[in-house]
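Undergrad: Pasting a structure here, questions to come.
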Amino acid sequence: MISNPLDFEKPIAELDDLIEELKRVSRDPQERLEGKANGIDIDAEIARFEAAREQMAKQVYSTLSPWNEVQMARHPDRPYTLDYIGMICDDFLELHGDRTNADDPAIVGGIARFNGQQVVVMGHQKARDLKGRQLRNFGSARPAGFRKAMRLMKLAEKFNRPIIVFVDTPAAEANLMAEEEGISLTIAVCLREMVGLTVPIVVSVIGEGGSGGALGIAVGDRVIMLEHSVYSVIPPEGCAAILWNDRTRAADAAGALKLTAKHALEFGLVDEVLPEPVGGAHRDPVATAAALKEAIVRGLDALAGKTAQELTDGRYDRFRNMGRWEEETLPGPESDESTEQPEG
Amino acid sequence: MARGGWFSRSSRGTGAQATVPEGLWSKCPGCSEITYNKDLERNMNVCPKCGHHHRLSLAARLAITVDEGSFEEINAGVQSLDPLGFPDYGTKLKRDMAKTGLNDSITTGRATIDGFPVIITIADFGFMGGSMGSVAGEKIVRAMETGVAERKPVIIFSASGGARMQEGLFSLMQMAKTSAGAARLDSAGVPYVVVLTHPTTAGVYASYASLGDVILAEPGATVGFAGLRVGNQSMGVKLPDDFQTSEFQQRCGMVDRVVPRKEIRTTLAKLLAFFAFATVSAKEKAPGVTA
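Those protein sequence lines, which keep their order, are chains A and B. Just so you know, we're using this note's numbering here: the first sequence kicks off at 1 and counts up by one. Just so you know, we're using this note's numbering here: the second sequence kicks off at 345 and counts up by one.
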């Protein structure tokens with residue numbers, strides 16, 4: 001059964017209803033007898049419908065449009081950062097505050113044991129109920145959130161512990177208070193400081209990778225995206241408003257922005273796309289968490305032998321080489337720049 | 345995308361005239377007064393009546409900032425691709441290349457200011473709103489790396505609506521890329537000054553433009569995170585009149601000084617003198633030198 005079905009999930013949900021109805025009928029001896037008399041084998045019918053349902057689900061979820069992926073990434077039933085921390089870490093001890101003037105609940109973090117190793121773990125935190133959403137500000141961090149993230153990262157660095165990050169935010173907070181407290185500066189400082197951290201950083205985009213608010217804690221050595229997560233420079237609604245002055249064309253904008261996990265991998269901007277259970281992470285959170293844990297372990301293992309210098313040089317090169325351009329060699333007083341264009 | 349090559353570049357841009365409306369007279373968006381264009385140019389494109397800072401072309405900015413004849417462009421040949429196949433992007437690139445005579449929004453080079461050698465980058469808002477895509481990010485980072493390699497201060501004049509959405513996630517990653525460049529300037533002890541000009545917002549303000557050792561801003565420039573429209577909509581609170589301006593950012597502690605255009609060159613010279621002194625001191629403190 002599908003709870004909170006999205007529009008494109010409705011045909012599957014309808015099949016589910018049908019199967020439920022058949023199952024209810026099959027439990028009634030009277031109905032079974034009548035069916036038999038009419039030459040209907042109800043168990044076979046159920047099996048047939050279930051097979052069709054499985055077929056349809058595979059088909060639907062493997063051919064989602066970019067906008068459908070946005071809907072999946074924002075699905076209210078999707079596991080959030082604290083859900084994953086609970087499923088893949090032991091002894092999580094949440095640590096609060098930015099050591100300046102606030103504690104932003106939109107970013108959570110602390111210390112934990114992960115796969116037998118001491119780590120610092122953090123991420124954006126969304127919520128499912130109204131009160132929680134207000135508290136977590138829909139996962140949109142204020143400057144205090146980024147300051148908290150950074151001071152926890154420095155804690156990891158001081159004690160030489162790897163950092164595990166979960167990304168799930170529509171965007172950073174952009175209201176008057178955020179502006180007064182320097183939202184741009186705090187994001188910029190996070191970007192600059194993360195590059196120089198001397199411990200391994202593994203980032204997982206688990207839902208929405210919303211522009212600067214996402215990247216602000218996502219400058220990692222290894223970046224994993226869940227199959228139905230998205231990563232974008234601008235929310236599709238905002239893009240549609242700018243391009244066509246029409247926020248309702250968000251689906252078109254999502255297509256143009258190529259914001260899916262598959263595209264990010266194709267562009268070489270992330271390292272791995274982790275398949276989700278059919279129907280998405282929320283249909284089987286335990287299996288998703290297990291797969292995610294395995295992927296993070298692999299990431300950390302690959303980084304384990306590296307020196308601080310190798311890590312920071314590698315991270316610099318990784319982000320420094322992102323971008324696609326072409327270069328015309330101009331006749332000039334000098335040509336001291338390479339015309340080679342790096343991959344990615 | 346044919347271009348004329350290096351030597352034709354010096355002839356591009358027609359100076360200050362390029363940014364003020366055509367004709368002899370123009371109306372100031374600040375005070376609505378009509379000003380004789382020649383007067384405006386003589387006044388560095390600052391309205392003589394209300395002090396409104398008009399946009400400057402690359403040539404006009406260079407003329408009032410660096411020592412005459414000292415500018416030598418680097419990395420001029422880097423130009424945009426269309427990695428996403430984004431609707432109309434190719435057309436817009438061609439249009440703005442023709443309009444501005446530039447390959448992209450950022451121009452970088454070596455120059456001297458008051459005799460101090462610097463690496464300077466200047467943004468042209470007229471090229472797709474000064475937006476940062478792969479080319480802008482690459483040129484900014486190369487400028488920073490050149491600053492590190494040649495141990496010259498890096499001076500950045502910003503003007504940008506933010507990351508260029510037509511290059512999607514590539515553009516977002518330029519925020520990390522340029523901030524990584526700023527980290528290198530820090531660890532190498534190379535001075536970095538940002539001059540925020542109208543407008544500097546979003547992905548550019550939230551990356552390299554916020555990371556200068558010293559951050560100056562031209563008066564009245566729009567400087568902020570999310571676009572004004574978004575900010576106005578998002579809440580019922582009354583916004584201060586100067587919300588998301590240079591003055592607002594200075595008041596909030598994000599900008600060192602709001603500096604009128606006329607004083608930017610002399611202010612930069614003071615900073616460069618300070619940095620030069622600091623660099624010499626550091627050298628003198630090197631091992632083998634007794635106190």
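Idealized CB from N, CA, C, for every residue including glycine. Quick caveat: nothing in here was measured; it's all calculated off a predicted structure.
So which of A:R247, A:V203, A:H228 has the shortest CA-CA distance to F166 of chain A?
TA: It is A:V203 whose Cα lies nearest to the Cα of F166 of chain A.
Undergrad: Starting from the beta carbon of L215 of chain A, find every residue of chain B whose beta carbon is closer than 7 angstroms, and list them in chain order.
TA: Here the neighbours are L516, M519, A520.
Undergrad: When you compare the CB of Y80 of chain A with every CB in chain B, is at least one pair closer than 8 angstroms?
TA: Not closer than 8 angstroms to any Cβ of chain B, the Cβ of Y80 of chain A fails to qualify, so no.
Undergrad: Please confirm whether L176 of chain A and L529 of chain B have their CB atoms less than 8 angstroms apart.
TA: Taking 8 angstroms as the Cβ cut-off, L176 of chain A and L529 of chain B do not qualify as a contacting pair.
Undergrad: Considering only C-alpha positions, which residue in the set A:L130, A:K131, A:T198 is nearest to K154 of chain A?
TA: Nearest C-alpha to K154 of chain A: A:T198.
Undergrad: Could you list which residues in chain A have their beta carbon closer than 9 angstroms to that of F587 of chain B, in chain order?
TA: Chain A residues near F587 of chain B: L176, E179.
Undergrad: So, is the C-beta of S370 of chain B closer than 8 angstroms to a C-beta in chain A?
TA: It does not: the Cβ of S370 of chain B has no partner Cβ on chain A nearer than 8 angstroms.
Undergrad: Quick one: grab the DSSP three-state call for L18 of chain A.
TA: The answer is helix: DSSP assigns L18 of chain A an H, G or I state.
Undergrad: Jot down the residue ranges of each uninterrupted alpha helix (DSSP H) in the segment 52-111 of chain A, minimum 4 residues, whole runs only, in chain order.
TA: For the segment 52-111 of chain A, whole alpha helix (DSSP H) runs of length 4 or above, ordered along the chain, are 66-73, 81-88.
Undergrad: Excluding sequence positions up to five away, which residues of its chain have a Cβ less than 6 angstroms from the Cβ of F619 of chain B?
TA: For F619 of chain B, where only same-chain residues beyond five positions count, the Cβ hits under 6 angstroms are P497, P535.
Undergrad: What are the uninterrupted segments assigned as alpha helix (DSSP H) that are 4 or more residues long and contained completely in the segment 499-566 of chain B, given in chain order?
TA: Complete alpha helix (DSSP H) runs here, min 4: 512-532, 546-549.
Undergrad: List the residues of chain A that F430 of chain B touches, going by C-beta distances under 7 angstroms, in chain order.
TA: Here the neighbours are A256.
Undergrad: For S401 of chain B, name the three-state secondary structure that DSSP assigns.
TA: Of the three classes helix, strand and coil, the one that applies to S401 of chain B here is coil, per DSSP.
Undergrad: Could you check if T312 of chain A is buried or exposed, using at least 16 other CB atoms within 10 Å of its CB as the buried criterion?
TA: Looking at its Cβ environment, which holds 16 or more other Cβ atoms inside 10 Å, T312 of chain A is buried.
Undergrad: Are the CB atoms of V645 of chain B and I499 of chain B nearer to each other than 8 angstroms?
TA: Residue 645 of chain B is absent from the model: chain B starts at 345 and stops at 635.
Undergrad: Distance, Cα to Cα, A253 of chain A vs K262 of chain A?
TA: So the alpha carbons of these two residues sit roughly 17 angstroms apart.
Undergrad: Which bits of chain B does E324 of chain A rub up against, with CB to CB less than 7 angstroms?
TA: Note that residue 324 of chain A corresponds to Arg in the displayed sequence, not to Glu. By Cβ distance, chain B contributes L425, P427, S478, F514.
Undergrad: From the DSSP secondary-structure annotation, give me the bridge partner or partners of L602 of chain B.
TA: Note on identity: in this sequence residue 602 of chain B is Val, with Leu being the wrong assignment. For V602 of chain B, which the question treats as bridged, DSSP gives the partners B:A561.
Undergrad: Less than 8 angstroms between the CB atoms is what I'm expecting for K601 of chain B and Q593 of chain B, so what's the real figure, rounded?
TA: Inspection of the sequence shows that residue 601 of chain B is occupied by Arg rather than by Lys. Rounded, the Cβ-Cβ distance is 11 angstroms, inconsistent with contact.
Undergrad: Go to Q423 of chain B, then tell me how far its beta strand (DSSP E) extends in each direction, as first and last residue.
TA: Taken as a continuous stretch (DSSP letters only), the beta strand (DSSP E) holding Q423 of chain B covers 422-424.
Undergrad: Which residue comes first and which comes last in the beta strand (DSSP E) that contains T444 of chain B?
TA: Where T444 of chain B is concerned, there is no enclosing beta strand (DSSP E), although the alpha helix (DSSP H) it sits in stretches over 433-444.
Undergrad: Can you tell me which of the three DSSP states D168 of chain A falls into?
TA: The answer is strand: DSSP assigns D168 of chain A an E or B state.
Undergrad: Would you mind stating whether V278 of chain A and K58 of chain A have Cβ atoms separated by less than 8 angstroms?
TA: Against a cut-off of 8 angstroms, the Cβ pair of K58 of chain A and V278 of chain A comes out as a contact.
Undergrad: Could you check the C-alpha separation between V574 of chain B and I183 of chain A for me, to the nearest Å?
TA: Because the pLDDT of V574 of chain B is 48, which lies under 50, any placement of that residue in the model is unreliable, and the question is left without a value.
Undergrad: Give the interface partners of E562 of chain B over in chain C, defined as CB-CB distance under 7 angstroms, in chain order.
TA: Absent here is chain C; the protein component of the structure consists of chains A and B.
Undergrad: DSSP on M122 of chain A, reduced to helix/strand/coil?
TA: Three-state result, M122 of chain A: strand.
Undergrad: For Y316 of chain A, return the contacting residues in chain B, with the cut-off set at a CB-CB distance below 8 angstroms.
TA: What Y316 of chain A touches in chain B: A524, A527, R528.
Undergrad: Tell me which residues share the same chain as A264 of chain A and place their Cβ nearer than 7 angstroms to its Cβ, disregarding the 5 neighbours each side in the sequence.
TA: These residues qualify, in order along the chain: M225, Y231, V270.
Undergrad: Whole angstroms is fine: what's the gap from K606 of chain B's alpha carbon to V539 of chain B's?
TA: Each residue's alpha carbon lies about 13 angstroms from the other.
Undergrad: Alpha carbons only, please: which of A:R298, A:R324, A:C239, A:P200 is nearest the one belonging to A308 of chain A?
TA: Residue A:P200 is the option with its Cα nearest to A308 of chain A.
Undergrad: Is it buried or exposed, P275 of chain A, if we count other Cβ atoms within 10 angstroms and call 16 or more buried?
TA: P275 of chain A is exposed by the Cβ-count criterion.
Undergrad: Using alpha carbons as the reference points, say which of B:A487, B:K443, B:M472, B:G473 lies closest to I464 of chain B.
TA: That would be B:A487, whose Cα lies nearest to the Cα of I464 of chain B.
Undergrad: Just to confirm, are T371 of chain A and A141 of chain A a CB contact at a threshold of 8 angstroms?
TA: The question about residue 371 of chain A has no answer here: the residues shown for chain A are numbered 1 through 344.
Undergrad: Helix or strand or just coil, what does DSSP make of G575 of chain B?
TA: Caution is warranted here: a pLDDT of 45 is assigned to G575 of chain B, below 50, making its placement in the model unreliable, and no coordinate value can be reported.
Undergrad: Taking Cβ to Cβ, would you say V479 of chain B is nearer than 8 angstroms to D440 of chain B?
TA: Cβ atoms of V479 of chain B and D440 of chain B: not closer than 8 angstroms.
Undergrad: Going by Cα to Cα distance, which pick from A:P143, A:I163, A:L6 is closest to V60 of chain A?
TA: That would be A:L6, whose Cα lies nearest to the Cα of V60 of chain A.
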